[in-house]
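Under the numbering used here, the first residue of the sequence shown is numbered 2, with each subsequent residue one higher.
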Amino acid sequence: MAWWYSQLHLRSYRLRINILILLRVVSTVRSMMDSSRSAQRAVIQFLRAEEEHASQIYSRMKEVYGEQCIARCAIFRWCQRYEAGRVNIKDLPRPGQAHVVTNSATISAADELIR
2 MAWWYSQLHL RSYRLRINIL ILLRVVSTVR SMMDSSRSAQ RAVIQFLRAE
52 EEHASQIYSR MKEVYGEQCI ARCAIFRWCQ RYEAGRVNIK DLPRPGQAHV
102 VTNSATISAA DELIR
């Protein structure tokens, strides 16, 4: 076997490993972001139930979450939703929303694309 072939095979293997790591990191980051948004929505829901005004909720959350605080307009929208009777803090499914699934089938498919 030529030395360049083994080098090419090694690079291909490293690329596959890097892609798999990247897929797992993206999945983990999305999961963390979703839990952070859900936690902030729960705070909005609680403070709105305490009859706190949306602008006051934004001020308090900005102090606590700083740069990670959701946008002011989003806080106002969530306040309106909770006033209208919504109880769920999760996003509702909507058409066109990307679905990311990282499982053995996805990893195998990515592996096959690289080969």
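The C-beta atom is built at its ideal place from N, Cα and C for all residues, glycine as well.
Given that a residue counts as buried once 16 or more other Cβ atoms are within 10 Å of its Cβ, and exposed if not, what is residue i?
{"i": "Val88", "result": "exposed"}
{"i": "Val44", "result": "buried"}
{"i": "Ile115", "result": "exposed"}
{"i": "Ile71", "result": "buried"}
Check the Cβ-Cβ distances between residue i and every residue of chain D, and say whether any is below 9 Å.
{"i": "Ile108", "result": "Of the protein chains in the structure, only one exists, and it is not chain D."}
Does the distance from the CB of residue i to the CB of residue j come in under 9 Å?
{"i": "Glu84", "j": "Arg61", "result": "no"}
{"i": "Arg25", "j": "Asp112", "result": "no"}
{"i": "Ile108", "j": "Arg42", "result": "no"}
{"i": "Tyr59", "j": "Phe77", "result": "yes"}
{"i": "Cys80", "j": "Ala55", "result": "yes"}
{"i": "Ser105", "j": "Gln69", "result": "no"}
In this structure, does DSSP put residue i in helix, strand or coil?
{"i": "Lys91", "result": "coil"}
{"i": "Asn19", "result": "helix"}
{"i": "Ala50", "result": "helix"}
{"i": "Gly97", "result": "coil"}
{"i": "Ile76", "result": "helix"}
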